[in-house]
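Encoded as structure tokens, the structure appears first; notes follow it.
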Amino acid sequence: MRHANYSSVSVRWYLDNPNRDAERILSAYISSFTCPKNHDIERFLKNNAVEFTKKQQSVTYLVLTEE
7 MRHANYSSVS VRWYLDNPNR DAERILSAYI SSFTCPKNHD IERFLKNNAV EFTKKQQSVT
67 YLVLTEE
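Under our numbering, the final residue of the sequence shown carries the number 73; numbering is consecutive throughout.
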């Protein structure tokens, strides 16, 4: 989904994408993410989001700015 200044994409899209670089790109987005106002969100994304998605235990979306 694309809006004026940002787009959103599910973690599942990266995991299911046949492009071999998709999971590497996902890892780069996740590793660069910080959330100083809520460290639980940051920890979940970095430590659980991919595994939970693979096990179909959660659905996680990334909201990416155009920057």
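For every residue, glycine included, the Cβ atom is placed at its ideal position computed from N, Cα and C. None of these values were measured; they are calculated from a predicted model.
Residues bridged to residue i (per DSSP)
i	result
residue 70	13
Assigned secondary structure, residue i (DSSP; H/G/I helix, E/B strand, else coil)
i	result
residue 39	coil
residue 61	coil
residue 53	helix
residue 30	helix
Distance CB(residue i)-CB(residue j) smaller than 7 Å
i	j	result
residue 66	residue 17	yes
residue 52	residue 36	yes
residue 70	residue 13	yes
residue 72	residue 25	no
heavy atom of the ligand NAD below 6 Å from residue i C-beta
i	result
residue 63	Judged by which ligands are present, the structure shown has none, so any question about the ligand NAD falls away.
*Evaluate contact between the segment 20–27 and the segment 36–51, counting only Cβ atoms and requiring at least three cross-stretch pairs below 8 Å.*
no
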